[in-house]
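Under the working numbering, the final residue of the sequence shown carries the number 325; numbering is consecutive throughout. Here the structure comes first, spelled out in structure tokens, and everything after it is commentary.
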Amino acid sequence: MESYRFDQICVLFDLGERTEDPRPLSGGFIHDMYGLRTTKGHYAVKCLNPQIMRRPDAFANFKNAEDFALLAGRRLSALPAKRIRGEAVQQIADEYFLLFDWVDGNLLFLKEIQPSHCHTIGTYLAGLHQLDAGIVPAVVGTISHDWTAHLKRGQAIDAEWSAALSEIIAALKVWNERAVRAEALLSKACVMSHRDLDPKNVLWTKNDLVVIDWESAGPIHPVLDVLETALYWSEDETGHLNKQKFQAFFSGYTTKNNLGDAKWSAVIACSYSSKLDWLAYNINRTFSADEMERRIGTEQMKQTILDLKRHTDRMETLKGWLT
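Right, here's the structure in full:
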């Protein structure tokens, strides 16, 4: 985003005048983030990816996600976007953005995460699942991706990722088919949740935590959300799972919520879905006209393939811990 756009943001939100150039922030794989200092305070600006905003459902998705963040912020520590006339997503010319108050906090590296942090996040997630979000929409069914078509597209242009995708094409089809079948076994009861409550989206302040980046918020099967979030927080810097952290997360969650008779085999099969969707999304990014999008898409594809392989290696361990 050009610097003059930040001056327009200052006018739009009555933030005073900029006191320094906007500072790019690291961490986002889809949108660009900047730190903005003005005569009235310190803010974070999320510049929304124009390709995302061209989707017909983009505004509705952001509205629903930010509405839930606002609801969560009334009971839990959450950071919703600032609003003008009740709207979170703002537009200047052909660019869209969200504005947030700055939070002085730190992200935790995997090696810094202790069982106590995992217990805290488990308790937080249970609190999220207890929020009265009104009528929760049905979960969008697991997508059955055409992996052969994706591979052929890559091979047609000799994409650098085509060989890596070819190596796991058979496994991708199996994982996808199992996830589709397993979803039918899960309870139809859903909850609204953050759906991306991993360490990069939690700022730890001196006395508390603040959950940020609510754009993925939406309906999800609660037990699937529990498992996916537990895995985020139980992984160490070598990619292995730590049983003590995993159990601490579940201990935190079950202080508030009962998991009941969870069908863990089905939940584990469904846990591939988000990774498969992310892989397919990044395959499409590699065909973008934008060079940066192509580069990020390629990098994320490679990482997601590794994540899928590691996830598979963990399956027997997980089954032993959960059953």
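Note that beta-carbon positions come from the ideal geometry of N, C-alpha and C, so glycine has one too.
Item to check | Top-ranked residue by Cα proximity to S275, from V193, G143, R297 | outcome: As a working note, residue 275 is residue 273 in the sequence shown. Ranking V193, G143, R297 by Cα distance to S275 puts G143 first.
Item to check | Helix, strand or coil at S276 according to DSSP, with G and I counted as helix | outcome: Translated into positions along the sequence shown, residue 276 becomes position 274. DSSP places S276 in helix when its eight states are reduced to three.
Next on the checklist: What does the alpha-carbon distance come out to for the pair A219 and D23?
Outcome noted: Here residue 219 refers to the residue found at position 217 when the sequence shown is read from its first residue. Here residue 23 refers to the residue found at position 21 when the sequence shown is read from its first residue. Looking at the two C-alpha atoms, the distance is approximately 31 Å.
Checklist entry - Among residues of its own chain, excluding the 5 on either side of S79, which ones have a beta-carbon nearer than 7 Å to its beta-carbon? => result Against the sequence shown, residue 79 aligns to sequence position 77. Excluding residues within five positions, the ones whose Cβ falls inside 7 Å are D210, L211, V212, V213.
Checklist entry - Counting Cβ pairs closer than 8 Å, one from the segment 122-131 and one from the segment 246-253, do we hit at least three? => result Taking 8 Å as the limit for Cβ pairs, the verdict is that the segment 246-253 does touch the segment 122-131.
Checklist entry - When burial is assigned at 16 or more other CB atoms within 10 Å of the CB, is M294 buried or exposed? => result If you number the sequence shown from 1, residue 294 lands on position 292. M294 sits exposed, since fewer than 16 C-beta atoms from the chains shown fall within 10 Å of its C-beta.
Item to check | Span of the alpha helix (DSSP H) around R25 | outcome: As a working note, residue 25 is residue 23 in the sequence shown. In this chain, R25 is not harboured by any alpha helix (DSSP H); it is covered by the beta strand (DSSP E) spanning 25-27.
Next on the checklist: Quick check on this structure: which residue in Y234, L320, W266, D69 has the alpha carbon closest to the alpha carbon of V138?
Outcome noted: Walking along the sequence shown from the start, residue 138 turns up at place 136. Nearest option by C-alpha distance: D69.
Item to check | Contacts around R312, its chain only, beta-carbon distance under 7 Å, and the 5 residues preceding and following it disregarded | outcome: Residue numbering aside, residue 312 sits at position 310 when the sequence shown is read from its first letter. Within the same chain, R312 has close Cβ partners G241.
Next on the checklist: Need the endpoints of the beta strand (DSSP E) that P221 sits in, please.
Outcome noted: Here residue 221 refers to the residue found at position 219 of the sequence shown. Per DSSP, the continuous beta strand (DSSP E) segment holding P221 begins and ends at 220-222.
Next on the checklist: Suppose contacts are defined by Cβ-Cβ distances below 8 Å. Is L14 in contact with V47 by that definition?
Outcome noted: Working through the sequence shown from its first residue, we reach residue 14 at position 12. Working through the sequence shown from its first residue, we reach residue 47 at position 45. One thing to note: L14 has its Cβ no nearer than 8 Å to the Cβ of V47.
Checklist entry - Between which two residues does the beta strand (DSSP E) containing Q132 stretch? => result Position 130 of the sequence shown holds residue 132. Per DSSP, Q132 lies in no beta strand (DSSP E) and is assigned neither H nor E.
Checklist entry - Which stretch, first to last residue, makes up the beta strand (DSSP E) that contains A46? => result Within the sequence shown, residue 46 is the residue found at index 44, counting from 1. Residue range 43-49 is occupied by the beta strand (DSSP E) that includes A46.
Item to check | Cβ contact (3+ pairs, closer than 8 Å) linking the segment 189-205 and the segment 282-292 | outcome: Touching, no, given that fewer than three Cβ pairs across the two stretches are closer than 8 Å.
Next on the checklist: Short of 8 Å in beta carbon distance, which residues of its chain neighbour C272, apart from the five on each side in sequence? Order them along the chain.
Outcome noted: Working through the sequence shown from its first residue, we reach residue 272 at position 270. Excluding positions up to five away in sequence, the list reads T144, A181, A184, E185, L188, H223, L226.
Checklist entry - Buried or exposed: where does W149 fall if 16 or more other Cβ atoms within 10 Å of its Cβ makes it buried? => result In the sequence shown, counting from the first residue as 1, residue 149 sits at position 147. Label assigned to W149: buried.
Item to check | Closest by C-alpha distance to K208, when choosing among E4, L110, T325, A232 | outcome: As a working note, residue 208 is residue 206 in the sequence shown. Taking the Cα of K208 as reference, the smallest distance to any Cα among E4, L110, T325, A232 is reached at L110.
Next on the checklist: If I measure Cβ to Cβ from I11 and keep anything under 8 Å in the same chain, skipping five residues before and after, which residues do I get?
Outcome noted: As a first step, residue 11 is located in the sequence shown; it is residue number 9 there, counting from the start. Closer than 8 Å at the Cβ level, and outside the excluded window around I11, lie L17, L38, V47, Q92, I94, F99, L101.
Checklist entry - What is the DSSP secondary structure of N260, counted as helix, strand or coil? => result Taking the first residue of the sequence shown as position 1, residue 260 is located at position 258. In this structure, N260 counts as coil in the three-state DSSP scheme.
Item to check | Spatial neighbours of T300 in its chain, beta-carbon cut-off 7 Å, leaving aside the 5 residues before and after | outcome: As a working mapping, residue 300 is identified with position 298 in the sequence shown. Residues E162, W163, T288 of the same chain have their beta carbon placed closer than 7 Å to that of T300, with the five preceding and five following residues left out of the count.
Checklist entry - Would you call the CB atoms of K277 and T306 closer than 8 Å? => result Counting from one through the sequence shown, the residue named residue 277 turns up at place 275. Counting from one through the sequence shown, the residue named residue 306 turns up at place 304. Yes, the Cβ-Cβ distance between K277 and T306 is below 8 Å.
Checklist entry - Which term fits K190, buried or exposed, when burial requires 16 or more other beta carbons within 10 angstroms of its beta carbon? => result Looking up residue 190 in the sequence shown gives position 188. With fewer than 16 Cβ atoms within 10 Å of its Cβ, K190 is classed as exposed.
Checklist entry - Under 8 Å, do W266 and T325 count as touching if we go by C-beta distance? => result As a first step, residue 266 is located in the sequence shown; it is residue number 264 there, counting from the start. As a first step, residue 325 is located in the sequence shown; it is residue number 323 there, counting from the start. In contact: W266 and T325 (Cβ atoms closer than 8 Å).
Checklist entry - Is it the case that the Cβ atoms of L167 and H152 are separated by a distance below 8 Å? => result As a working mapping, residue 167 is identified with position 165 in the sequence shown. As a working mapping, residue 152 is identified with position 150 in the sequence shown. Yes; because the gap between Cβ atoms is below 8 Å, this pair is in contact.
Item to check | For F99: DSSP bridge partner residues | outcome: Locating residue 99 in the sequence shown gives position 97, counting from the first residue. Answer is C49, Q92, bridged to F99.
Checklist entry - Is the Cβ-Cβ distance between V105 and L81 less than 8 Å? => result Within the sequence shown, the letter at position 103 stands for residue 105. Within the sequence shown, the letter at position 79 stands for residue 81. Between V105 and L81, the CB-CB gap stays under 8 Å.
Checklist entry - At which residues does the beta strand (DSSP E) containing T40 begin and terminate? => result Taking the sequence shown and counting its residues from 1, one reaches residue 40 at position 38. In the DSSP assignment, T40 falls within the beta strand (DSSP E) that extends over 34-40.
Checklist entry - Count the other CB atoms within 10 Å of the CB of K154; is the residue buried (16 or more) or exposed (fewer)? => result Residue 154 sits at position 152 when you count from the first residue of the sequence shown. Here K154 is exposed, its C-beta having fewer than 16 other C-beta atoms within 10 Å.
Checklist entry - If you draw a straight line from the alpha carbon of L310 to that of V193, how long is it in whole angstroms? => result Taking the sequence shown and counting its residues from 1, one reaches residue 310 at position 308. Taking the sequence shown and counting its residues from 1, one reaches residue 193 at position 191. L310 and V193: Cα-Cα distance of roughly 26 Å.
Item to check | Cut-off 7 Å between Cβ atoms - residues of its own chain near D160, not counting five sequence neighbours on either side | outcome: Here residue 160 is taken as the residue at index 158 of the sequence shown, counted from 1. Excluding sequence positions up to five before and after D160, its CB lies less than 7 Å from no other CB in the same chain.
Item to check | Residue closest to L174, alpha-carbon to alpha-carbon, out of R20, W280, N244 | outcome: Translated into the one-based positions of the sequence shown, residue 174 becomes position 172. Here the closest residue by C-alpha is W280.
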